[in-house]
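Asker:
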Amino acid sequence: MSSVTVRVPAKVNVQLAVGPLRDDGYHDLVNVFHAVSLFDEVVAKESEAVTVRVEGANVEQVPLDDSNLAIQAARALAKHAGRTYGVELIIRKAIPVAGGMAGGSADAAGALVACNELWGLGLPREDLMEIAADLGSDVPFSLLGGTAVGTGRGEQLTPVPARGRFHWVFAVADGGLSTATVYGECDRLREATGEKVAWPQVSEPLLAALREGDAAGLGALLANDLQPAAVMLRRSLARTLEVGQELGALGAIVSGSGPTCAFLAAGEEQAEELAVALMGAGVCRTAVTAYGEVPGAQIVAA
Ligand code: C5P
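All residue numbers for the sequence shown refer to my numbering, where the first residue is 33 and numbers rise by one.
(1) Would you say the beta carbon of Asp170 comes nearer than 8 Å to a heavy atom of the ligand C5P?
(2) Helix, strand or coil for Thr183? Go by DSSP, reduced to three states.
(3) Could you say which of Gly88, Ser169 and Glu158 lies nearest to Lys125 if we only look at CA atoms?
(4) For Thr190, count the other beta carbons within 10 Å of its own beta carbon; 16 or more makes it buried, fewer makes it exposed. Which is it?
(5) Is Asp98 near the ligand C5P, in the sense that its beta carbon is under 8 Å from a heavy atom of that ligand?
(6) Looking at the unbroken beta strand (DSSP E) that takes in Asn100, where does it start and where does it end?
(7) Please state if the CB of Ile127 and the CB of Phe173 are separated by a distance shorter than 9 Å.
(8) Can you give the Cα-Cα distance for Leu242 and Leu250, rounded to whole angstroms?
(9) Just the Cα atoms here: how many angstroms apart are Ser99 and Gly136?
(10) Val286 and Val263: beta carbons closer than 9 Å?
(11) Near Gly152, which residues of its chain fall below 8 Å by C-beta distance, leaving aside the five closest residues on each side in sequence?
(12) Ignore the nearest five residues each way along the sequence and tell me which others in Asp336's own chain have a CB closer than 8 Å to its CB.
(13) For a quick check, are the C-beta atoms of Val36 and Trp200 less than 9 Å apart?
(14) What residue ranges within the stretch 229-269 form continuous alpha helix (DSSP H) runs of no fewer than 4 residues, ordered along the chain?
(15) Whole alpha helix (DSSP H) runs in the stretch 98-152 with 4 or more residues, listed along the chain?
(16) Just reading off the beta strand (DSSP E) that Tyr323 is part of, what are its end residues?
(17) Beta-carbon within less than 6 Å of Ala307's beta-carbon, same chain only, minus the 5 sequence neighbours each way: which residues are those?
(18) Tell me the residue span of the alpha helix (DSSP H) that contains Ala298.
(19) Quick check on this structure: which residue in Cys147, Gly131 and Ala138 has the alpha carbon closest to the alpha carbon of Tyr117?
(20) Beta-carbon within less than 8 Å of Arg266's beta-carbon, same chain only, minus the 5 sequence neighbours each way: which residues are those?
(21) For Asn256, tell me which candidate among Ala334, Thr272 and Cys218 has the shortest Cα-Cα distance.
(22) Can you give me the Cβ contacts of Gly168 inside the same chain, cut-off strictly under 8 Å, excluding the 5 residues immediately before and after it?
(23) Residues in its own chain within less than 6 Å of Gly49 by CB, not counting five upstream and five downstream?
(24) Ala194 and His66 look like a contact to me (Cβ under 8 Å); what is the Cβ gap, rounded to whole Å?
(25) Counting along the chain, where does the alpha helix (DSSP H) carrying Arg222 start and finish?
(26) Please report the Cβ distance between Ala252 and Gly283, rounded to the nearest whole angstrom; I am assuming they are in contact, meaning their Cβ atoms lie under 8 Å.
(27) Which one of Gln188, Gly186, Val192 and Val315 has the shortest CA to CA distance from Ala180?
(28) Exposed or buried, which one is Thr225 when buried takes at least 16 other CB atoms within 10 Å?
Dropping the structure here:
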C-alpha cells in the first residue's frame, strides 16, 4: 500500500461545563461533543522521513515542525509499535485553523488511522484511543465521532444518542484563539468575579433534546463556560452571536474555545439562508453550513 486517505470531522460542543483548575493544569470538564460534516482530509504516503504539508485557507498558521499534532501522532504510533517508520502526511484543511472546532485534533486522529493502515499495524481502535488521549484532550473524540459526553479533561468518552440531523452554521472569524489562553482567561475572570466554580454536570434536558432530535430544545440549551472568556479576548464575537440570534438562529454559541461561532438552524434551507445573511451582515470572515452528527475518522481511499 503506498497511500491512505482518511476523512475526519470537526466538532462543536453543545455543552461545555468547565470545572475547577486541576493540579496538572487541566480542568475537569463535562464536554458534550457533536461531530459535524466539515472535514479535513489526511493523506499518508510512503516515505523515509516523517513530513507534513498543509493545503487550504489560512494554513500558514499551522506549524510544520514537530509541534504539528499530526506529526506527533505519527511518531507516537511508531513508538507504540516499537519501530521507526516514515510517512509523508498531506493535510487538506477545511476545518478552521485554531477555530475551536478541534481541527488540530482531527488531523492527529486522521494521522493515527492513516498510518495504522499504511504501516499495516492493524492496531484496534482502543489502542488508537489511548495514544489519542496522550496527544490532546479532543483527539479521542475526533476518532470516535457521533455525539458523546467527555469527562475528565474531555478524553473519557461515553457515546450518547442523537436523532435525525441537526443543521448548523459556523461563522468563521479572522485569525484563531489559543485554547490554553482561553482557559487561562476563564480562570482569570472567575477569580476576578469571585465566582464559585461548581463541579461540572451534564444537562439531562440537553441529552433529551439530542435524543429526541429536538432542534429548538437543543438550541435553547446550548451552553459553553468558555464563552465569556472567548468574548473577552475577542469582543467582536458578542456582535456575531447577537446578529445570528436576530436572524432567527435557534441557538448561538461560541464553538469550544472559539473564535468560531456556531448557530443551530431549524433545517437545511434555514441554515443556508442564515449563512448568507451572516456574511451579508459582515460579522465574520466567512460562514459555512454543516450537519451533525457524522462518524469520526474514516478511511476513504487506500
Ligand atoms: O489537551 P489539549 O492539548 O488540547 O489542551 C490544550 C490546553 O487547553 C491545555 O494546555 C490547557 O491549558 C487547556 N485545557 C484545560 N482543560 C482541559 C483541556 C484543555 O485547561 N480539560
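Beta carbons: idealized from backbone N, C-alpha and C, even for Gly.
Answerer: In terms of the structure at hand:
(1) yes
(2) strand
(3) Gly88
(4) exposed
(5) no
(6) Element bounds for Asn100: n/a, residue is neither H nor E.
(7) no
(8) 7 Å
(9) 11 Å
(10) yes
(11) Met33
(12) One cannot answer for residue 336 here, as it falls past the ends of the chain, which runs 33 to 334.
(13) no
(14) 236-244, 247-253 and 259-265
(15) 101-113 and 135-150
(16) Thr318 to Gly324
(17) Val201, Ala319 and Thr321
(18) Where Ala298 is concerned, there is no enclosing alpha helix (DSSP H), given that its DSSP letter is neither H nor E.
(19) Cys147
(20) Ala205, Leu209, Gly290 and Pro291
(21) Cys218
(22) Leu101, Gly136, Ser137 and Ala140
(23) Sequence check: residue 49 is Ala here, not Gly. Correct list, in chain order: Val62, Pro232 and Asp257.
(24) 7 Å
(25) Thr211 to Thr225
(26) 6 Å
(27) Val192
(28) exposed
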